[in-house]
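Quick note, the sequences are listed as chains A and B, same order. Okay, so the first sequence: first residue is 2 according to my numbering, each after it adds one. Okay, so the second sequence: first residue is 208 according to my numbering, each after it adds one. Cβ atoms here follow ideal geometry from the backbone N, Cα and C, with glycine treated the same way. As structure tokens, the structure follows; a few thoughts come after it.
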Amino acid sequence: MKNNLLDLSNPEKFHENLDIKGIDKNTLINMLKSMILIRKTEQQLASSRKEGLIGGPVHLGAGQEAIAVGISELLQSSDRVFGAHRSHSHLLALNPDFYKLFAEVLGKETGFSKGMGGSMHLFDQESGFYGSVPIVSGTVPLAVGAAMAARMQETNDIGVAYIGDGAVEEGVVHESFNLSKVHNAPVLFVIENNLFASHMHISLRQPSDMISRFATANNIPYKLLDGNDVCAIYNAAKEQITEMRNGAGPRLIELVTYRHYGHVDWRDDVDVGVARSLDDIENWKARDPISRLSKSMIINEIWTIDEEEIYTKELDALIAESWNKAMSDKYPNMNSTLEYVYAKSNNKTK
Amino acid sequence: MMKKYNYGTAILSGFEYLLEEYPEVFVIGQGLWSPWYVGNSMTDLDKKFGVERIIDTPVSESACTGAAVGASLAGMKPIVVHPRMDFMIYAMDAVVNQAAKWSHMLGGQAHPGLTIRSIINRGGEQGAQHSQALHAWFAHVPGLRVVMPTTVADARDLLIASVLSPDPVMFIDDRWLYDQEDELPAIEEISLIDQKPNISIEGDDITIVSCGHTSLLSRDAANMLESNNISAEVIDVRVLNPFFADDIVSSVRKTRNLLVVDCGTLTAGFSAEIIAKVVENVPNDCLANKPKRLALPDAPAPTSRVLEKDYYIQSEDIVVEVKRILNK
Ligand SMILES: Cc1ncc(C[n+]2csc(CCOP(=O)(O)OP(=O)(O)O)c2C)c(N)n1
Ligand SMILES: [Mg+2]
Numbered sequence: 002m003k004n005n006l007l008d009l010s011n012p013e014k015f016h017e018n019l020d021i022k023g024i025d026k027n028t029l030i031n032m033l034k035s036m037i038l039i040r041k042t043e044q045q046l047a048s049s050r051k052e053g054l055i056g057g058p059v060h061l062g063a064g065q066e067a068i069a070v071g072i073s074e075l076l077q078s079s080d081r082v083f084g085a086h087r088s089h090s091h092l093l094a095l096n097p098d099f100y101k102l103f104a105e106v107l108g109k110e111t112g113f114s115k116g117m118g119g120s121m122h123l124f125d126q127e128s129g130f131y132g133s134v135p136i137v138s139g140t141v142p143l144a145v146g147a148a149m150a151a152r153m154q155e156t157n158d159i160g161v162a163y164i165g166d167g168a169v170e171e172g173v174v175h176e177s178f179n180l181s182k183v184h185n186a187p188v189l190f191v192i193e194n195n196l197f198a199s200h201m202h203i204s205l206r207q208p209s210d211m212i213s214r215f216a217t218a219n220n221i222p223y224k225l226l227d228g229n230d231v232c233a234i235y236n237a238a239k240e241q242i243t244e245m246r247n248g249a250g251p252r253l254i255e256l257v258t259y260r261h262y263g264h265v266d267w268r269d270d271v272d273v274g275v276a277r278s279l280d281d282i283e284n285w286k287a288r289d290p291i292s293r294l295s296k297s298m299i300i301n302e303i304w305t306i307d308e309e310e311i312y313t314k315e316l317d318a319l320i321a322e323s324w325n326k327a328m329s330d331k332y333p334n335m336n337s338t339l340e341y342v343y344a345k346s347n348n349k350t351k
Numbered sequence: 208m209m210k211k212y213n214y215g216t217a218i219l220s221g222f223e224y225l226l227e228e229y230p231e232v233f234v235i236g237q238g239l240w241s242p243w244y245v246g247n248s249m250t251d252l253d254k255k256f257g258v259e260r261i262i263d264t265p266v267s268e269s270a271c272t273g274a275a276v277g278a279s280l281a282g283m284k285p286i287v288v289h290p291r292m293d294f295m296i297y298a299m300d301a302v303v304n305q306a307a308k309w310s311h312m313l314g315g316q317a318h319p320g321l322t323i324r325s326i327i328n329r330g331g332e333q334g335a336q337h338s339q340a341l342h343a344w345f346a347h348v349p350g351l352r353v354v355m356p357t358t359v360a361d362a363r364d365l366l367i368a369s370v371l372s373p374d375p376v377m378f379i380d381d382r383w384l385y386d387q388e389d390e391l392p393a394i395e396e397i398s399l400i401d402q403k404p405n406i407s408i409e410g411d412d413i414t415i416v417s418c419g420h421t422s423l424l425s426r427d428a429a430n431m432l433e434s435n436n437i438s439a440e441v442i443d444v445r446v447l448n449p450f451f452a453d454d455i456v457s458s459v460r461k462t463r464n465l466l467v468v469d470c471g472t473l474t475a476g477f478s479a480e481i482i483a484k485v486v487e488n489v490p491n492d493c494l495a496n497k498p499k500r501l502a503l504p505d506a507p508a509p510t511s512r513v514l515e516k517d518y519y520i521q522s523e524d525i526v527v528e529v530k531r532i533l534n535k
């Protein structure tokens, strides 16, 4: 494999503080709080899954929070965002209601998908989250179509497709790139390149570790950056999204990152024949998107250790409370299995 | 000499046999270098036979399946592994338009003799896209042989027969069958075209027909029914396409009652085909009661644990249904 990512894939690089200049204080605080909230929510899911309280798989994205947070900070609720199997962050960055996520993961009727979907099938259209599903790449053309619809509806809304480095191995992603370009669909392809698809490192799957080569092939303008730098992501995406809202077609942003947990559930996955070592994980944890932003903000005196402590303490209490509430919520009615198969309303008439 | 296997290691021994005996056999699919994807059914094949013959792949079901079709046209004997049937929906063109059609539309001159091992893998609150049993879809495609092994012996022997068949074969196994154990004799090659439904339990009062995991449930149910003095004949379909129903028809002529149990959804499911074949072929006054089918509700699999438990068929459901048919 060609290492076109160079330092971007090196966990020993990019440990320094972030360049926060040009982003206003409230935005920075929002982004920091959002990342911490997502991290802590997933930590709750990891430990509860380990304890056996969660029956289904959870694909955790701890370590990758900067991507969804940096992008979502720029979205409006009428945008059309699509995720995949690892989408807790994609949703929580738009709507931080972890209680509803807990309820969903536990299969309770109070959840984001009314308890019908669990961790891998999430929905919250009010915040712009059109849906996430675990068929790899399944939603990518859907995001293109939702973006085409935005254009037909004469809005300035955009589509957003979160795509893993593994997902680009599905043919439909390339059809989607091409289609979006020839029809000028305002869709942002967000490549979360965490170098792995389940058990396989990208070097075993692709001739280059740089996914943006497909943007070049389709004449789609792209940016390639450290996926653990929320400020860089915010700045780059701001430029792209502004162009798209002003009538430009598709854009691609490739963000290089790493997941702290293994492919699914709470384990490290370092002992199952995966090219992933404890050292790698430690190094990537030192390239952590949260602590890097926090430190940078503290140095620039727009945030303090005390403020962070107060925030996390309150958050911990709220998470614990919400978890318990979700645990005692009701399961869906037994007739839900048949009830939701088709829409209940009649045909639309003129 | 008999040796003990479970369903997974029986498949593994089938793979080992094929890879040892037939240099043109290779295996391609996702997860083949990982212990996660296929239970104990392919452990260490990569170490034993090399990564050139045991090929783990990018996330590209469509290209991998199409490539296997091509390799088979060029004289190889590929086995494509799809660790979850839902994932291979991306590969439907290679299966339905290509593999299944080439022999016929090219005048019987081209034979894509690949085997597609597709695993029904559900439960565990994984929901709608990680649970489907689409054997009826595949059985609807002329040119595609469809095999669903239930027993440990069939897991091994039908795999070998599928791979040695000159035609494209869907070999569909189910993770819920993997715990079964049995002693198997040494391997003897059998021919796929000779394989027929198997009467796994003989009985007089009702014929229960099913395939794959539901055949296991039907056997359990028949054992439970015995204590109610109901003698059920259990038939495991084994080969869904081409479908030979003669033995099922004969059985119903004897028992005069029929229940079909299927792990797919009800409407347009394989259960309908079984009932149709029987009804078309028994004499007018043969059936003592209306034939019935038990299948999954016409809904995707829910995730929530209470709904999921209710969604899937259990042996007890079969017992209840049989008693209802027989008014007992
Ligand atoms: C069509 C399909 N094929 C295979 C899988 C199994 N699978 C689930 S996640 C995954 C890896 C995806 O990797 P990537 O897109 O990089 O996302 P990541 O897990 O790294 O977030 C695979 C192969 C699937 N869910 N769907
Ligand atoms: Mg990945």
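Any C-beta of chain A sitting closer than 9 Å to the C-beta of residue i?
i	result
B:Gly471	no
B:Gly334	yes
B:Trp240	yes
B:Glu523	no
B:Arg268	The question names Arg, but residue 268 of chain B is Glu in the sequence shown. Yes, its Cβ sits closer than 9 Å to a Cβ of chain A.
B:His337	yes
B:Tyr214	no
DSSP state of residue i, grouped into three classes?
i	result
B:Val354	strand
B:Phe256	helix
A:Leu1	This structure cannot speak to residue 1 of chain A, because chain A is shown only from 2 to 351.
A:Ser204	helix
A:Glu255	strand
B:Asp389	strand
A:Lys224	strand
B:Tyr212	strand
A:Gly131	According to the sequence shown, residue 131 of chain A is Tyr rather than Gly. In the structure shown, A:Tyr131 sits in a strand (DSSP, three-state: E or B).
Distance check for residue j and residue i, CA to CA, integer angstroms please.
i	j	result
B:Val489	B:Glu480	14 Å
B:Tyr224	B:Phe256	11 Å
A:Ile72	A:Gln44	22 Å
B:His318	A:Val137	31 Å
B:Leu239	B:Thr264	8 Å
B:Lys535	B:Pro449	36 Å
B:Ser417	A:Tyr223	54 Å
A:Ile254	A:Pro135	22 Å
A:Gly146	A:Lys182	12 Å
A:Glu315	A:Ser10	35 Å
B:Asn464	B:Ser458	9 Å
A:Tyr259	A:Gly165	11 Å
A:Ile311	A:Ser120	29 Å
For residue i, I'd like the list of residues in its chain whose CB is within less than 6 Å of its CB, leaving aside the five on either flank, ordered along the chain.
i	result
A:Gly167	Ala198
A:Lys51	Trp267
B:Ala340	Ile327, Cys470 and Gly471
A:Val265	Pro58 and His60
If I measure Cβ to Cβ from residue i and keep anything under 7 Å in the same chain, skipping five residues before and after, which residues do I get?
i	result
A:His184	Met149
B:Glu231	Gly282, Met283 and Lys284
A:Tyr341	Met117
Apart from the five residues just before and just after residue i, which ones in its own chain have a Cβ nearer than 8 Å to its Cβ?
i	result
B:Ile520	Thr421, Leu424, Val468, Cys470, Leu501, Ala502 and Leu503
B:Asp454	Lys403, Pro404, Ile406 and Ile442
A:His261	Leu61, Ala63, Gly64, Ile282, Trp285 and Lys286
B:Val353	His342, Phe345, Ala346, Val376, Met377, Ile379, Val446, Leu447 and Asn448
At a Cβ threshold of 9 Å, is residue i touching chain B?
i	result
A:Leu6	no
A:Ala162	no
A:Arg268	no
A:Val271	no
A:Arg214	no
A:Pro333	yes
Would you say the beta carbon of residue i is closer than 8 Å to some non-hydrogen atom of ligand 1?
i	result
A:Asn195	yes
B:Val266	yes
A:Ala85	yes
B:Asp293	yes
Kindly examine ligand 2 and report whether one of its heavy atoms sits closer than 8 Å to the Cβ of residue i.
i	result
A:Gly139	no
A:Gly62	no
B:Asp380	no
A:Asp166	yes
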